[in-house]
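Written below as structure tokens is the structure these notes are about.
Number of protein chains: 2
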Amino acid sequence: MNIGLDMMGGDYAPLEAVKGVHQYLSASAQPATLFCIGDEQQVQPLLIEHNIPANTIRLIHAPEVIGYHEHPTKALKEKQQSSIAIGFHLLASGKIDAFLSAGNTGAMLVGTMYTIKAIEGVLRPTISTIVPKLNGATGLLLDVGLNADCKPEQLNQFAVLGSLYAQYVLGVDSPKVGLLNVGEEEGKGNLLAQSTYPLLKENATINFVGNVEGRDVFKDKADVMVCDGFTGNVVLKMAESFYDIAVNRQLDNDEYLHRFHYENYGGTPVLGVAKPVIIGHGISNAAAFKNMILVAEKMLQTNFCGIIKHAFMQAV
Amino acid sequence: MNIGLDMMGGDYAPLEAVKGVHQYLSASAQPATLFCIGDEQQVQPLLIEHNIPANTIRLIHAPEVIGYHEHPTKALKEKQQSSIAIGFHLLASGKIDAFLSAGNTGAMLVGTMYTIKAIEGVLRPTISTIVPKLNGATGLLLDVGLNADCKPEQLNQFAVLGSLYAQYVLGVDSPKVGLLNVGEEEGKGNLLAQSTYPLLKENATINFVGNVEGRDVFKDKADVMVCDGFTGNVVLKMAESFYDIAVNRQLDNDEYLHRFHYENYGGTPVLGVAKPVIIGHGISNAAAFKNMILVAEKMLQTNFCGIIKHAFMQAV
């Protein structure tokens, strides 16, 4: 199992990426082979400093870095020697089985779409966010920004992708799927929600429980919550800001609020593409990098992309 | 100034409505004349019990009540002697100048649309919610559910309605108007946001400051935040649930979080209709009722509906 990690992505890279690698290797009995992609001159001394023997990882030199504010398509094209471009090259050629980065999100998405491509039958890949539930469980909300405008058929597919992810990667048995909406009853909502409801209701491959409202997001009503990427992105960023407010007001000692800390989740996989690609938060720290690696490992162990391929072969 | 109050609406009516009337009358030097609409047999003894002399208010008998789960249009038609139906009748005939209720929201909206009607030029009336800002200021988000699907022209009008409300009723000087979106730059967003941005940018009657994201909702970036009613409703209910979570986790002693308590705002006016109609929260307590009356008073004192009429006469 070969996992590629962009050592240069994120505000605190490469230091926190190196620390994350160290945490992962220390905690794992049979670690995957990590392909650490980044500027040798910067990464090598940090590996030594953090007691990561050269033979426990593969250091892949990438002299260039794509910055946060660079135009994704342009940067990927022009910076072929960047850690992100090299990562996708290795992933496409099969030298690595999964690729993760906390770098330029747009470049990661463009790289995924053009290099790895959607699984046959998937109309649009999607990105999700983990939602800490009040009962201690872990929920999933999708789409959170990749698809600002959606069709009902896409939301129906997000439900399948999210449901399988919750089941196989998050370990939720028979995940309850809810449609994020403005009321409880069937028939409520905007045109998209109204047209999506019957599709979800008739979809025999998911456990659809009906509509969920904004007030149910953190409750037990549904494990997987489906919405268009506009609504989901607003919800995600609002939840993040609540956590930031709690931290600023020193309320984050609260056990529940603390679960909102992004580092616990590490990153979001792009669901519906042929190989695991995980996009991390720009402020990723060591724990976040470690958890990103663990998510990739889990996706590979469960053959998650194979499961998705199989599900979509039967036509959704 | 005659303000009509539905004494029977809300989970704790008529008791909390009576207490709210008492609070209002005690605190006001020159109170408006309150038309208290409700079941005499229930309301009269409570008025006596709370030392509200008969001559300080007008008690209007309404033998029927529209329940929470009744179908709005059907109930309004069949229960002509309900407090809500009588309230709209008094408002339409000019016997009262404003009407407020914490009762069946749907019935209040139907009553408003069919009895009071939209101001000429207003495509669709809208409802908003107050947003407590971290800097102590008061923001406004609209639409929060009356219009699940919107056109760019409607969002442009919500911007004007919200801006005037913030200025005249909330007392915000030259309110900054933001478009709720998924990114900062112009061109970001779903088709609705992309098409709305240029309209807001060219609208000389508002102080447009660009896009705001989910993470900016509680920040100082914009005083008035505009979105479709689907997104706004999800945001509103999520914010309410955060407050509930804080209360349950005993974090609501926090000064900022406490400002989320609905009672501080009392209710939401229907913006864009010819007369002030205010819809309260179902769980309204005395303070909420008092604040609803104060909002109505402020709207009448500032001739808010006249200001809207004038603004829309000049074509938005």
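So the protein sequences, as listed, match chains A and B.
Residues in the first sequence are numbered from 1 upward in steps of one, following the UniProt record's numbering.
Residues in the second sequence are numbered from 1 upward in steps of one, following the UniProt record's numbering.
Just so you know, even glycine gets a beta-carbon here, dropped at the ideal spot from N, CA and C.
What separation, rounded to the nearest whole angstrom, lies between the Cα atoms of residue i and residue j?
i: Val316/A; j: Lys176/A; result: At Val316/A, the pLDDT of 48 sits below 50, so the modelled position is not reliable; the number obtained from the coordinates is stated separately. Val316/A and Lys176/A: Cα-Cα distance of roughly 18 Å.
i: Ile60/B; j: Asp97/B; result: 15 Å
i: Val217/A; j: Val131/A; result: 8 Å
i: Val277/B; j: Gly139/B; result: 20 Å
i: Gln80/A; j: Asn233/A; result: 30 Å
i: Ile84/B; j: Ala148/A; result: 40 Å
i: Pro31/A; j: Lys290/A; result: 12 Å
i: Asp220/B; j: Leu100/A; result: 35 Å
i: Ala137/A; j: Gly171/A; result: 10 Å
i: Gly266/A; j: Glu263/B; result: 39 Å
i: Gly121/A; j: Phe312/A; result: 6 Å
i: Glu213/A; j: Thr126/A; result: 21 Å
i: Thr302/A; j: Ala274/A; result: 14 Å
i: Tyr24/A; j: Ile293/A; result: 7 Å
i: Tyr114/A; j: Val270/A; result: 13 Å
i: Ala69/B; j: Gly187/A; result: As written in the sequence, residue 69/B is His, which differs from the Ala given in the question. Using only the alpha carbons, I get a separation of about 16 Å.
i: Val110/A; j: Gly189/B; result: 17 Å
i: Ser195/A; j: Gln154/A; result: 11 Å
i: Asp254/B; j: Asn248/B; result: 13 Å
i: Gly27/A; j: Ala239/A; result: A small fix is needed here, since residue 27/A is Ala in this sequence, not Gly. Taking the straight line joining both Cα atoms gives about 30 Å.
i: His71/A; j: Ala107/A; result: 8 Å
i: Leu300/B; j: Met1/B; result: 8 Å
i: His89/A; j: Ile116/A; result: 10 Å
i: Lys77/A; j: Asp228/A; result: 30 Å
i: Asp252/A; j: Arg259/A; result: 9 Å
i: residue 317/B; j: Ile66/B; result: Outside the displayed range of chain B (1 to 316) lies residue 317/B, so it cannot be described from this structure.
i: Ala296/B; j: Ala118/B; result: 18 Å
So who's on the other strand from residue i, going by DSSP bridges?
i: Ser82/B; result: Glu64/B
i: Leu47/A; result: Its beta-bridge partners do not exist; DSSP assigns none.
i: Ile3/B; result: Leu34/B, Ala98/B
i: Ile57/B; result: Leu34/B
Thinking C-alpha only, which one of the options is nearest residue i?
i: Val18/A; options: Val172/A, Leu34/A, Lys221/A, Cys227/A; result: Leu34/A
i: Phe208/B; options: Val182/B, Lys298/B, Phe158/B, Gly229/B; result: Phe158/B
i: Glu40/B; options: Glu78/B, Glu64/B, Glu213/B; result: Glu64/B
i: residue 382/B; options: Leu15/B, Ala27/B, Ala29/B, Ser28/B; result: The structure shown does not extend to residue 382/B, since chain B is modelled only from 1 through 316, so no value can be given for it.
i: His50/A; options: Asp220/A, Arg124/A, Val21/A, Gly38/A; result: Val21/A
i: Val224/A; options: Tyr243/A, Glu202/A, Gly210/A, Gly178/A; result: Gly178/A
i: Lys133/A; options: Ala287/B, Asn253/B, Phe242/B, Gln301/B; result: Phe242/B
i: Lys151/B; options: Lys117/B, Ser174/B, Tyr165/B, Tyr197/B; result: Tyr197/B
i: Leu180/B; options: Phe230/A, Glu202/A, Tyr165/A, Ser93/A; result: Phe230/A
i: Gly10/B; options: Leu300/B, Ala287/B, Ile52/B; result: Ala287/B
i: Gly38/A; options: Gly103/A, Ala246/A, Arg215/A, Arg249/A; result: Gly103/A
i: Gly4/A; options: Gly87/A, Gln42/A, Ser26/A; result: Gly87/A
i: Lys309/A; options: Ile57/A, Gly106/A, Leu161/A, Thr73/A; result: Leu161/A
i: Arg215/A; options: Thr205/A, Gly183/A, Val226/A, Asn203/A; result: Gly183/A
i: Thr73/B; options: Glu185/B, Glu202/B, Thr112/B, Gly145/B; result: Thr112/B
Would residue i pass as an interface residue toward chain C - the criterion being a Cβ-Cβ separation below 9 Å?
i: Glu213/B; result: This model lacks chain C altogether, as its protein chains are A and B.
Checklist entry - What beta strand (DSSP E) runs, 3 residues minimum, are completely inside the region 68-149 of chain A? => result 98-101, 126-132, 138-142
Item to check | Near-chain B residues of the region 236-256 of chain A (beta-carbon distance less than 7 Å), N- to C-terminal order | outcome: Listed by position, the residues of the region 236-256 of chain A near chain B (Cβ gap below 7 Å) are Leu236, Lys237, Met238, Glu240, Ser241, Phe242, Ile245, Arg249, Leu251, Asp254, Tyr256.
Item to check | Inside the region 170-234 of chain A only - beta strand (DSSP E) runs reaching at least 3 residues | outcome: 176-180, 207-212, 224-226
Next on the checklist: Which runs of the alpha helix (DSSP H) at least 4 residues long sit entirely within the region 228-307 of chain B? Give them in chain order.
Outcome noted: Listed in chain order, they are 229-248, 255-258, 286-301.
Item to check | Residues in the region 141-156 of chain B having any Cβ partner in chain A nearer than 7 Å | outcome: Along the region 141-156 of chain B, going in chain order, the ones with a CB nearer than 7 Å to a CB of chain A are Gly145, Ala148, Asp149.
Next on the checklist: Counting only Cβ-Cβ distances shorter than 9 Å, please list the residues of the region 177-193 of chain A near chain B, keeping chain order.
Outcome noted: Leu180, Asn181, Val182, Gly183, Lys188, Gly189, Asn190, Leu191, Leu192, Ala193
Checklist entry - What residues from the region 215-226 of chain B come within 7 Å of chain A, judged by C-beta to C-beta, listed N to C? => result Arg215, Val217, Phe218
Next on the checklist: Any C-beta of chain A within less than 8 Å: which residues of the region 121-136 of chain B qualify?
Outcome noted: The residues in question are Leu134.
Next on the checklist: Short of 7 Å Cβ to Cβ, which residues in the region 46-63 of chain A face chain B?
Outcome noted: none
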